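For the sequence shown, the working numbering assigns the number 315 to the initial residue and increments by one for each residue that follows. Here a beta-carbon is modelled for each residue, glycine too, at the ideal position from N, C-alpha and C. Being a predicted model, the structure only gives us computed values, none of them experimental.
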Amino acid sequence: MAKKLIDLEFVSCDLCGSERFVERYKKPDTWLWQHDYEFSVVECMNCGLVFLDPRPTNESMSQFYPHDYHENRDSKIHHERYKNQYSYLGNINNHGKMLDIGCARGDWLNFFYDKHPYWELYGCDTFSKKVNYENITFTNAPLPSCNYKSNYFDMITAWAVFEHLYEPIVYFTEVNRILKRGGSFIFLVTNSESLYGKYSDVEDIPRHTYYFSEKTLLKYAGIVGMNVEEVVYSNEIFDGRGYKNIEMLFRRMLGISYLAIKNKRINRLQSLTIKLAHFFDKLLNKINLEKNKPTGIMICHWKKT
């Protein structure tokens, strides 16, 4: 089967509009390996936002999401994740309206419903065609196209969604519009200034198009007029440790590319070096040095003032 072509587009900084960037690194799609093309991750020289540029167009990006991308999210391992997500919601009223952005098949919303059956639940998703539960009002569309009422929701969540967006500022603005005053927006994103985001090349490229930091998120909140209540760095929901730091350091020193490893075009010395790096990476992960430091995952709580 022939590979589809990738249609690419160049973008300016979503946060400040600048077109002055410096490249951090390049990486192909190391999950699906449908292409050998290496995407560039760049950092804005003006505000520090990190993003993919150029990136696949909206039409071209669909080939990087397999048809079963949203399957099996009601499994036991995901229920453990939902328990951790729930712990970040704080005090919850008996009644309310909740929206989950990028809700997939609705499993997280249904987990919430089991605890709070008097809440009205809404979900939207661009790539999922339906949800599995009748108690969820679902829209198969990106958030800006859903036309929700202003000041409507008491709580909005987005778990590992905003790093997939094409226009984060549009989404942040829309969240502020549809959230009630005093309402909470709780979302999880990767941390571009962590070992995970800065040195380990762990981001899911090209599906991840934007990489945030506490600094850039504070700027977004200021632009849309929301208050940052809390930012938690945690590995409880997803593992954000830079578990390939030593390997990536050695690979860069020896000039070993992703394609060389994929096609097994490395010599014995390079192979031995990578195996040794794997050993030290595993050792450091057991010690878990990043447990009490800013790790690769941020859980953020914003409020509409």
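{"Item": "Complete beta strand (DSSP E) runs within the region 320–369 (minimum length 3 residues, chain order)", "Value": "335–341, 353–358 and 364–366"}
{"Item": "Neighbourhood of residue 604 by C-beta, 6 Å cutoff - its chain only, sequence neighbours within 5 removed", "Value": "555"}
{"Item": "As assigned by DSSP and simplified to three states, the class of residue 526", "Value": "strand"}
{"Item": "Residue 498: first and last residue of the uninterrupted beta strand (DSSP E) it sits in", "Value": "493–504"}
{"Item": "Whole-angstrom distance between residue 588 and residue 431, CA atom to CA atom", "Value": "52 Å"}
{"Item": "Helix, strand or coil at residue 435 [DSSP, three-state]", "Value": "strand"}
{"Item": "Backbone CA spacing between residue 346 and residue 600 [nearest angstrom]", "Value": "28 Å"}
{"Item": "Simplified DSSP state of residue 471, which is helix, strand or coil", "Value": "strand"}
{"Item": "Unbroken alpha helix (DSSP H) run spanning residue 599, endpoints", "Value": "582–601"}
{"Item": "Beta-carbon proximity of residue 559 to residue 611, cut-off 8 Å", "Value": "no"}
{"Item": "Same chain, Cβ closer than 6 Å to residue 460, five either side skipped, listed in chain order", "Value": "438 and 453"}
{"Item": "Runs of alpha helix (DSSP H) wholly within the region 560–584 (minimum 4 residues, chain order)", "Value": "572–576"}
{"Item": "Three-pair Cβ contact test at 8 Å for the region 355–369 versus the region 514–529", "Value": "yes"}
{"Item": "Validate contact between the region 498–506 and the region 471–483 using beta carbons, cut 8 Å, 3 pairs", "Value": "yes"}
{"Item": "Top-ranked residue by Cα proximity to residue 455, from 507, 333 and 485", "Value": "485"}
{"Item": "Start and end residues, beta strand (DSSP E) containing residue 413", "Value": "410–415"}
{"Item": "Burial state of residue 331, where buried means 16 or more other Cβ atoms lie within 10 Å", "Value": "exposed"}
{"Item": "Minimum C-alpha distance to residue 494 - residue among 464, 487, 518 and 471", "Value": "464"}
{"Item": "Exposed unless 16 or more other CB atoms sit within 10 angstroms - verdict on residue 344", "Value": "exposed"}
{"Item": "Buried/exposed call for residue 442, threshold 16 Cβ in 10 Å", "Value": "buried"}
{"Item": "Three-way DSSP call (helix, strand, coil) for residue 615 in this model", "Value": "strand"}
{"Item": "Distance CB(residue 364)-CB(residue 338) smaller than 8 Å", "Value": "yes"}
{"Item": "Boundaries (first-last residue) of the beta strand (DSSP E) holding residue 462", "Value": "Looking at the DSSP string, residue 462 is not in any beta strand (DSSP E), and its letter there is neither H nor E."}
{"Item": "Local conformation of residue 487 per DSSP, three classes", "Value": "helix"}
{"Item": "Candidates 512, 581, 532 and 324: closest to residue 563 by CA position", "Value": "512"}
{"Item": "Start-to-end residues for the beta strand (DSSP E) that takes in residue 273", "Value": "Residue 273 cannot be examined here, being either before or after the span of the chain that is shown, 315 to 619."}
{"Item": "Closest residue to residue 318 among 341, 446, 404 and 351 (Cα-Cα distance)", "Value": "351"}
{"Item": "Beta-carbon proximity list for residue 316, same chain, < 8 Å, skipping 5 on both sides", "Value": "Confidence at residue 316 is low in this model, with a pLDDT of 49, below 50, so its placement is unreliable and the value that follows should be read with caution. Correct list: empty, nothing qualifies."}
{"Item": "Of the residues 445, 356, 516 and 569, the one placed nearest residue 421, counting alpha carbons only", "Value": "445"}
{"Item": "Spatial distance of residue 574 from residue 518 (CA atoms)", "Value": "19 Å"}
{"Item": "Through-space distance from residue 483 to residue 394, alpha-carbon basis", "Value": "31 Å"}
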